[in-house]
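Chains as they are written, first to last, in the working numbering: chain A, 12 to 356; chain B, 12 to 356. Heads up: the structure comes next, in structure tokens.
Number of protein chains: 2
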Amino acid sequence: MAEIVKVVVDAMGGDNAPVEPVKGAVEAVMEREDILVILAGQSDVIRKELAKYPNCPKDRIQILNASEIIETAEPPVFAVKKKKDSSIVKGLMAVRNKEADAFVSSGSTGAVLVGGQILVGRSKGVERPPLAPLLPTAKGVSLLIDCGANVDARPSHLVQFAKMGSIYMEDILGIKNPRVAIVNNGAEEEKGNALVKETFPLLKACKDINFIGSIEARDIPSGYADVIVCEAFVGNVILKLYEGVGITLIRKIKEGLVSSLRSKIGALLVKPALKDMLKTFDASEHGGAPLLGLKGLVVKTHGNAVAVEIKNAVFQCVQFKQNGINERIAKQLNQDKEEKAEAEV
Amino acid sequence: MAEIVKVVVDAMGGDNAPVEPVKGAVEAVMEREDILVILAGQSDVIRKELAKYPNCPKDRIQILNASEIIETAEPPVFAVKKKKDSSIVKGLMAVRNKEADAFVSSGSTGAVLVGGQILVGRSKGVERPPLAPLLPTAKGVSLLIDCGANVDARPSHLVQFAKMGSIYMEDILGIKNPRVAIVNNGAEEEKGNALVKETFPLLKACKDINFIGSIEARDIPSGYADVIVCEAFVGNVILKLYEGVGITLIRKIKEGLVSSLRSKIGALLVKPALKDMLKTFDASEHGGAPLLGLKGLVVKTHGNAVAVEIKNAVFQCVQFKQNGINERIAKQLNQDKEEKAEAEV
Chain A
12 MAEIVKVVVD AMGGDNAPVE PVKGAVEAVM EREDILVILA GQSDVIRKEL AKYPNCPKDR
72 IQILNASEII ETAEPPVFAV KKKKDSSIVK GLMAVRNKEA DAFVSSGSTG AVLVGGQILV
132 GRSKGVERPP LAPLLPTAKG VSLLIDCGAN VDARPSHLVQ FAKMGSIYME DILGIKNPRV
192 AIVNNGAEEE KGNALVKETF PLLKACKDIN FIGSIEARDI PSGYADVIVC EAFVGNVILK
252 LYEGVGITLI RKIKEGLVSS LRSKIGALLV KPALKDMLKT FDASEHGGAP LLGLKGLVVK
312 THGNAVAVEI KNAVFQCVQF KQNGINERIA KQLNQDKEEK AEAEV
Chain B
12 MAEIVKVVVD AMGGDNAPVE PVKGAVEAVM EREDILVILA GQSDVIRKEL AKYPNCPKDR
72 IQILNASEII ETAEPPVFAV KKKKDSSIVK GLMAVRNKEA DAFVSSGSTG AVLVGGQILV
132 GRSKGVERPP LAPLLPTAKG VSLLIDCGAN VDARPSHLVQ FAKMGSIYME DILGIKNPRV
192 AIVNNGAEEE KGNALVKETF PLLKACKDIN FIGSIEARDI PSGYADVIVC EAFVGNVILK
252 LYEGVGITLI RKIKEGLVSS LRSKIGALLV KPALKDMLKT FDASEHGGAP LLGLKGLVVK
312 THGNAVAVEI KNAVFQCVQF KQNGINERIA KQLNQDKEEK AEAEV
């Protein structure tokens with residue numbers, strides 16, 4: 012039998028806690044036998060939720076009691092240092108202490124990012140651990156790297172992001188030789204801000220990635236590249252605008268569909284097909300956003316994640332663990348470092 | 012009678028030239044009597060197009076012969092310097108020499124931006140002229156400032172963008188006390204990259220704008236602010252991603268609508284209502300993107316603009332001229348400069 016993977020799920024994080032995280036965790040262990048889920052949070056609340064699922068395999072669901080909750084609005088560094096008995100801090104500590112393989116949370120992005128770096132710690136050789144969500148595209152998904160909390164990156168950070176992203180897309184999503192592009196304000200090589208201009212030749216010189224050049228934001232949704240490299244401020248704009256334009260456009264379309272009797276009848280007929288189609292444009296089917304380059308696995312799911320996203324994030328962790336992504340990333344980046352050091356001697 | 016406003020329209024620029032620019036110009040002069048349009052480009056080509064409209068008022072349509080065409084792919088600075096007999100250079104020179112009030116082009120964005128700065132010239136006091144397109148939102152439109160070619164802006168540039176954008180939205184779109192926000196990676200004041208952190212308190216201290224703080228990219232499409240201030244690299248990402256997500260999503264929806272017989276029948280019923288609704292999410296109804304802070308008016312329309320956008324851009328120029336926006340901008344920015352100089356004494 013395959014080795015059991017232990018995943019801590021933050022039962023108190025996100026808009027739909029504790030209902031959806033607990034439901035997602037239960038669904039994960041019911042669907043696969045190689046998973047043990049540890050629900051972190053207030054044990055009485057979790058026990059009450061678990062009571063809804065009398066048939067779930069109790070030997071593969073544990074509770075990690077944590078009395079405190081970190082709210083989304085709290086300053087992350089302060090919250091992580093202060094609330095030692097929160098689900099986020101205890102979950103991350105379990106990963107640090109090798110009591111669990113991974114931590115999944117829909118809670119405060121800032122706290123998960125800060126906690127991941129402070130408590131779990133960076134792998135040797137990793138300069139900055141990026142947060143890398145998947146974006147839905149016309150062809151599937153692309154990895155947007157970085158959307159973390161640390162902005163104003165250096166060129167060497169972006170080069171590491173490109174390498175980590177390539178390993179992730181190849182090993183977790185099975186994309187052979189993933190196409191890597193850097194976000195730019197034009198397709199030509201001379202375009203870009205100071206950071207991009209400095210990074211471009213470094214990426215071009217990388218032998219271990221399939222660098223295809225610049226990507227304009229217009230071409231992101233079409234699936235032009237598999238790994239989309241950018242600095243976190245720009246990544247944040249891309250990620251959030253993607254959601255914002257989608258939400259507003261779909262709302263406009265819904266308004267249009269109910270604006271007349273004729274369109275209302277039509278809406279009833281198109282609804283199932285439209286729903287199926289929009290589902291293909293939904294990245295949550297693939298799980299959450301991993302925080303790459305740490306000594307353990309941390310995955311951030313959307314603040315409004317429902318059970319299916321949590322479940323997929325747990326599955327993602329299993330694959331992550333089985334493929335040894337963290338080890339591969341650490342090995343790759345250290346190898347680069349050694350080569351660089353040798354070249355300098 | 013109102014003073015006649017003279018607008019040069021680039022008849023050779025954009026994907027649909029010469030057909031759509033000429034059509035838009037003709038429609039503009041037929042709809043309003045206070046406009047004279049000068050079509051810049053190869054006169055034989057223009058004359059042939061104009062022959063399609065025997066009833067147009069010939070006394071208010073002139074031709075400015077220009078034998079050369081600047082292609083979109085050409086390096087802008089080189090093209091503007093080399094092709095002195097192009098429609099872009101000749102149109103801009105007409106504005107510079109006060110032979111025309113404004114220039115409208117769907118051609119090379121780079122050439123229009125570079126040419127606008129070099130040939131028409133900055134107004135006194137303007138540090139950097141921004142390109143400011145209108146974005147469609149759930150409530151109407153917002154001005155995105157800057158999307159120009161000069162990236163890596165300084166805080167003082169962003170402050171000027173905020174002021175120019177406020178004047179534009181108030182005077183041209185009639186929005187009283189327009190809400191100004193700076194693009195940021197979070198709503199809290201301590202968020203941001205180095206540029207945003209440095210700019211935020213400067214905007215907060217501005218007495219002549221209605222600064223409402225940070226805007227996250229997610230909130231742009233909902234119409235949370237009227238003037239959206241950012242550095243041009245980020246502006247470019249926002250503008251192009253807006254288009255890209257919209258195109259991909261609408262394509263997905265169309266695929267959904269024709270995926271089954273049932274949905275095809277429904278599609279016929281919803282089509283008119285959907286079309287009307289999506290039209291409200293189309294900024295081209297408001298014209299093109301002005302290049303603000305110049306000594307004359309320059310408006311850039313989309314590369315794929317059709318007649319209605321050209322026509323609206325021409326109308327936009329009339330309003331621009333009648334409200335004396337350029338003079339207002341120059342006055343405001345110089346007043347700031349004088350106040351600053353006095354304070355320093």
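Note that the Cβ used here is the ideal one computed from N, Cα and C, for glycine as well.
Restricting to Cα atoms, I'd like to know which of the options is closest to residue i.
{"i": "A/K109", "options": "A/V131, A/K92, A/K93", "result": "A/V131"}
{"i": "B/M41", "options": "B/K93, B/A318, B/F331, B/K348", "result": "B/A318"}
{"i": "B/V238", "options": "B/F222, B/G24, B/L103, B/A205", "result": "B/F222"}
{"i": "A/N27", "options": "A/E60, A/R43, A/V19, A/I15", "result": "A/E60"}
{"i": "B/L142", "options": "B/C217, B/A243, B/M180, B/R133", "result": "B/A243"}
{"i": "B/F326", "options": "B/D70, B/D55, B/E31, B/A113", "result": "B/A113"}
{"i": "B/P87", "options": "A/A62, A/E227, A/E199, A/N323", "result": "A/E199"}
{"i": "A/R339", "options": "A/L103, A/I249, A/V240, A/V137", "result": "A/V137"}
{"i": "B/N195", "options": "B/A352, B/Y179, B/E181, B/V245", "result": "B/V245"}
{"i": "B/N315", "options": "B/E201, B/V281, B/E254, B/Q53", "result": "B/E254"}
{"i": "B/G197", "options": "B/I226, B/P147, B/E14", "result": "B/I226"}
{"i": "A/G299", "options": "A/K69, A/V152, A/N76, A/A111", "result": "A/V152"}
{"i": "A/E82", "options": "A/I99, A/P68, A/C67", "result": "A/I99"}
{"i": "A/V329", "options": "A/G224, A/D45, A/G25, A/A62", "result": "A/D45"}
Can you have a look at residue i and say buried or exposed, based on whether 16 or more other CB atoms are within 10 angstroms of its CB?
{"i": "B/E349", "result": "exposed"}
{"i": "A/Q171", "result": "buried"}
{"i": "A/I80", "result": "buried"}
{"i": "B/R139", "result": "buried"}
{"i": "B/D219", "result": "exposed"}
{"i": "A/S119", "result": "buried"}
{"i": "B/E174", "result": "For the sequence presented, residue 174 of chain B should be read as Lys rather than Glu. The residue is buried, with at least 16 neighbouring Cβ atoms inside 10 Å."}
{"i": "A/S78", "result": "exposed"}
{"i": "A/R71", "result": "buried"}
{"i": "A/D96", "result": "exposed"}
{"i": "B/I57", "result": "buried"}
{"i": "B/P65", "result": "exposed"}
{"i": "A/E31", "result": "buried"}
{"i": "A/Q128", "result": "buried"}
{"i": "A/E181", "result": "buried"}
{"i": "A/I15", "result": "exposed"}
{"i": "B/A341", "result": "buried"}
{"i": "A/L250", "result": "buried"}
{"i": "B/L50", "result": "buried"}
Using a Cβ cut-off of 7 Å (strictly closer), state whether residue i contacts chain B.
{"i": "A/R229", "result": "yes"}
{"i": "A/V281", "result": "yes"}
{"i": "A/T259", "result": "yes"}
{"i": "A/P212", "result": "no"}
{"i": "A/K251", "result": "yes"}
{"i": "A/P232", "result": "yes"}
{"i": "A/G224", "result": "no"}
{"i": "A/G267", "result": "yes"}
Check the DSSP bridge columns for residue i and list the partner residues they point to.
{"i": "B/S225", "result": "B/I193"}
{"i": "A/E79", "result": "A/S97"}
{"i": "A/V20", "result": "A/L50, A/V115"}
{"i": "A/I358", "result": "With chain A represented from 12 up to 356, any question about residue 358 of chain A goes unanswered, as that position is not in the structure."}
{"i": "B/V207", "result": "Beta-bridge pairing links B/V207 to no other residue."}
{"i": "B/R133", "result": "B/L305"}
{"i": "B/S153", "result": "B/L146"}
{"i": "B/V310", "result": "B/V115, B/P301"}
{"i": "B/V238", "result": "B/L154, B/V191"}
With 7 Å as the threshold, decide whether the Cβ of residue i is near any Cβ in chain A.
{"i": "B/F244", "result": "yes"}
{"i": "B/V310", "result": "no"}
{"i": "B/S167", "result": "no"}
{"i": "B/L302", "result": "no"}
{"i": "B/G314", "result": "no"}
{"i": "B/D163", "result": "yes"}
{"i": "B/S270", "result": "yes"}
Taking 7 Å as the CB-CB limit, is residue i close to chain D?
{"i": "A/R273", "result": "The structure shown has no chain D; the protein chains it does contain are A and B."}
Is the region 275-290 of chain A touching the region 74-93 of chain A, taking contact as three or more C-beta pairs under 8 Å?
No, because fewer than three Cβ pairs between the region 275-290 of chain A and the region 74-93 of chain A fall closer than 8 Å, the two stretches do not touch.
Count the CB pairs spanning the region 202-216 of chain B and the region 158-170 of chain B that are closer than 8 Å, and state whether there are at least three.
Counting C-beta pairs closer than 8 Å gives three or more between the region 202-216 of chain B and the region 158-170 of chain B, which meets the contact rule.
For the structure I just gave you, are there three or more beta carbon pairs, one from the region 329-341 of chain A and one from the region 154-161 of chain A, closer than 8 Å?
Touching, no.
Counting pairs of beta carbons, one from the region 269-278 of chain B and one from the region 177-193 of chain B, are three or more of them closer than 8 Å?
The region 269-278 of chain B vs the region 177-193 of chain B: no contact.
Stretch pair the region 302-321 of chain B + the region 294-306 of chain A: three plus CB contacts closer than 8 Å:
Judged by Cβ distances under 8 Å, the region 302-321 of chain B makes no contact with the region 294-306 of chain A, as fewer than three pairs qualify.
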